[in-house]
Each structure stands twice: as structure tokens, then as C-alpha cells.
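Written out below as C-alpha cells is the structure these notes cover.
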Amino acid sequence: MPENNINVQEQQSAPVNKKKGSGALWAAVIAIALGLILLITGYIMYINSDKDKYYKVKDYNEVFDGAKVTELELDLDWGDLIIEKSSDDSIHVDATDVSEHFEAKVSGSRFTMGYDSKKNRAIPFGLVFHPMNYKPVVKLMLPDNEYDRFILDMGAGDAKIASVNCSFLDVNCGAGDVNFSGIECSKAEIDCGAGDLNITGIECSGIIDIDGGAGDITIRDAVAGGMDLDQGVGDFDYTGTMNGNIDADGGVGDITFRLTNPASDFYKGSGKYSLTIDSGVGSENIIYNAGQ
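Numbered per UniProt numbering, the sequence shown finishes at 292, counting up by one with no gaps.
Structure representation (C-alpha cells):
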């Protein structure tokens with residue numbers, strides 16, 4: 001029988017190590033409070049500013065040779081992002097209603113895209129917190145290459161990212177929903193902000209490291225070499241195969257692992273891998289032989 005109160009579904013269960021609370025709940029509460037303060041401050045700044053004088057938009061359309069590009073660095077302070085597979089060997093950037101300081105370029109083997117940090121780093125809060133005609137959208141189409149690094153730093157906006165193959169996936173989510181599909185990587189680090197994170201179809205030979213923010217995290221059709229989770233506020237749900245250790249620190253919300261693995265993979269002392277969950281506020285469910 002399990003050595004704790006975690007809900008385990010299988011005829012023969014594997015013990016799960018549980019650690020004492022680590023203060024994740026207090027950290028989450030503080031983070032939410034700070035977020036609300038920033039939101040209110042931004043709105044006040046906006047309604048007392050002249051947006052037409054200080055914020056100008058443009059459409060941006062460029063094509064780059066992607067044959068030698070091995071690193072991608074995307075820094076989008078605000079606006080929605082769509083990433084799809086290109087039909088050729090070029091990198092296509094099609095953007096609407098972006099800041100006049102938005103730019104993209106290739107330098108050697110590195111492709112960068114975002115806002116010129118020397119000219120514009122302040123987020124126009126009106127785009128985020130007030131109805132207006134501006135709706136920044138950036139569509140990026142990438143060649144079907146294997147990249148060394150894929151770095152994404154999102155600010156305020158939603159992201160929909162499909163078909164990325166890289167050695168290192170490094171994502172910093174901002175305020176908005178982020179959706180991944182068809183991802184291949186050797187290592188992944190994802191820092192969530194305010195919004196849901198959805199991943200459908202990921203093969204990661206190494207550890208997936210996730211820091212939860214305020215929002216649900218759902219991972220489907222996954223194969224991972226391990227999981228290091230620091231949950232924030234929201235439910236976490238993983239479905240797939242785990243070829244490594246699981247270390248999950250609970251926040252506020254349910255934690256569910258639906259594993260194709262047999263329970264014996266995680267037996268204490270004799271299993272291939274370890275499974276450790278730090279209780280937060282919410283239920284913890286481990287399901288083995290999922291889908292069988």
C-alpha cells in the first residue's frame with residue numbers, strides 16, 4: 001500500500017515519497033498580489049497618457065534565409081504570437097499592429113525578433129487593459145530544422161506554437177495562454193506567468209522543468225526524461241510516459257500524473273525512478289498503465 005494519502009489507481013501501487021510543505025502557497029499568494037498591483041498601476045498610467053502621441057504601430061513583413069540559423073531568440077513584450085512550419089527554407093515574419101520599434105534580424109547563426117530595447121521597453125498598457133483598435137499579432141514561420149536553442153520570452157499576449165525541434169527549449173510565459181504542439185527537444189525549461197499552459201505532443205529526452213504561475217498546466221501525449229515541477233496556482237495534469245524521476249512541489253490546485261508506466265517503475269528501493277510529491281492545497285493522483 002502507498003505510504004501516504006495520494007490517490008493511486010492500479011491493482012498494485014507504488015509508494016510515493018512526500019516532502020513537507022515548502023511555502024509554495026505563500027509564494028503564490030505574494031506573486032498574485034504583486035500582479036494585481038502591477039495591473040492596477042498600468043491601467044492608471046494608461047488612462048492618464050496620450051497613447052496616440054507616444055505609441056505608433058506598423059505592419060511588418062520580412063523573409064530571411066534560415067539555412068544557417070541554429071538559434072532562435074524571440075522577445076515579444078506584448079501581442080499574440082503564432083509559430084508554424086515554413087513551406088521552404090526561409091524564415092517568414094508577418095506582423096500587424098506592432099510597435100514601430102519591432103524588428104527581426106539574422107546575425108550569423110542566430111535569429112532574433114522583438115522590440116528594440118534601446119528605443120522601447122515599456123509595455124503600452126492600453127493594449128492589454130483597455131479596448132482599442134490595436135491588436136498586435138506576430139506570425140512566424142520556421143524551416144523544418146533542428147535548432148540548438150529556442151528561447152521565447154513572452155509578455156502580455158497569447159501564443160500558439162507548433163512543430164519545433166530543438167536541443168534546448170527555454171520559455172518564459174507572461175500574461176496570456178500558451179499552447180504548444182508537436183515539440184521535440186533534449187531539455188525544456190518553462191516559467192509560467194498568468195494564464196494556461198497547454199502542451200499536446202512533446203518528446204523530451206531530458207528533464208522538463210516547469211515553474212507554475214497562475215493558471216492550469218495540461219500536458220498530453222508526452223514522453224519525458226523526467227519532471228521537475230514547482231506548481232503555482234492552478235491544476236497540473238500530465239498524460240504520457242516518464243523515463244526519469246518525478247519531483248513535484250505542490251502549490252494551490254490538483255496534481256495528476258496519468259502514466260503509461262507500470263507502478264513497478266516507481267517502487268521505492270527497487271524501481272527505475274523516484275516519485276516525490278510535496279503536498280500543497282489540492283488532491284494528488286497517480287494513475288499507472290494509463291491508456292491500457
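Each residue gets a CB set at the ideal place from its N, CA and C atoms; glycine is no exception. As the structure is a computational prediction, the values presented were derived from the model and not from experiment.
Quick check on DSSP: helix, strand or coil for D177? Coil, per DSSP.
Looking at the unbroken beta strand (DSSP E) that takes in G240, where does it start and where does it end? Taken as a continuous stretch (DSSP letters only), the beta strand (DSSP E) holding G240 covers 236–242.
What's the gap between the Cα of residue 322 and the Cα of I246? The requested residue 322 does not occur in the structure, where the chain is confined to residues 1 to 292.
Whose CA, out of V164, L197, G280, S270, lies closest to the CA of E146? Just measuring C-alpha positions, the residue of V164, L197, G280, S270 sitting nearest E146 is V164.
Could you check whether R258 and I287 sit closer than 7 Å to each other, using their CB atoms as the reference points? Against a cut-off of 7 Å, the Cβ pair of R258 and I287 comes out as a contact.
DSSP puts D65 in a beta bridge; with which residues? D65 pairs with S90.
Tell me the rounded alpha-carbon separation between G206 and T241. Looking at the two C-alpha atoms, the distance is approximately 12 Å.
Assess, as a yes-or-no matter, whether the segment 174–182 is touched by the segment 99–116 under the definition of 3 or more beta carbon pairs within less than 8 Å. Counting Cβ pairs under 8 Å, fewer than three are found: no touch.
Counted within 10 angstroms of its Cβ, other Cβ atoms place Q231 as buried (16 or more) or exposed: Q231 is buried by the Cβ-count criterion.
Euclidean distance between Cα positions of S186 and I208: C-alpha of S186 to C-alpha of I208: approximately 9 Å in a straight line.
Applying the 10 Å Cβ sphere with the 16-neighbour rule, what's the burial state of D144? Answer is exposed; the Cβ neighbour count stays below 16.
Helix, strand or coil at V281 according to DSSP, with G and I counted as helix: For V281, the three-state secondary structure derived from DSSP is strand.
Run through DSSP, which three-state label would A194 get? Reduced to three states, the DSSP call for A194 is strand.
With DSSP collapsed to three states, give me the class of D216. Secondary structure of D216 (DSSP, three-state): coil.
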